[in-house]
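*Asks:* In UniProt numbering, the protein residues as written are 1 to 75. Every residue, glycine too, gets a C-beta built ideally from N, C-alpha and C. Model, not experiment: these values are computed from the prediction.
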Amino acid sequence: MNKTELLDILQDIHPEVDYEKEKSLIDSGIFDSFDIVTLISEIAEEFDIKVPANEITPDNFNSLEAIITLLVELE
């Protein structure tokens with residue numbers, strides 16, 4: 001899993017967001033359910049990592065760091 005590639009995916013979803021600083025992508029309403037579905041689909045395609053339904057929680061997608069942690073655990 002490559003952080004730069006993940007950032008590219010995130011920038012495609014919301015280019016206006018500073019993912020290095022933002023810590024509440026879900027809680028602040030930046031990401032909606034469609035964005036999460038898009039992100040999970042792109043992660044599966046780019047990294048061949050399947051995100052199980054039980055891992056799709058706000059805590060796992062609120063920040064770049066949280067997403068990286070989740071993906072490293074699922075690799």
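Would the beta-carbon of N60 fall within 7 angstroms of that of L70?
*Replies:* yes
*Asks:* DSSP three-state call for S41: helix, strand or coil?
*Replies:* helix
*Asks:* Three-state secondary structure (DSSP) at S63?
*Replies:* coil
*Asks:* I13 and D32 - do their beta-carbons sit closer together than 7 angstroms?
*Replies:* no
*Asks:* Comparing C-alpha positions only, which one of E46, N62, E73, E65 sits nearest to P52?
*Replies:* P52 has its Cα closest to that of E73, out of E46, N62, E73, E65.
*Asks:* Between E75 and the rest of its own chain, which residues show a CB-CB distance below 7 angstroms, the 5 nearest in sequence each way excluded?
*Replies:* M1, I49
*Asks:* Express the C-alpha separation of S41 and I30 in angstroms, rounding to a whole number.
*Replies:* 18 angstroms
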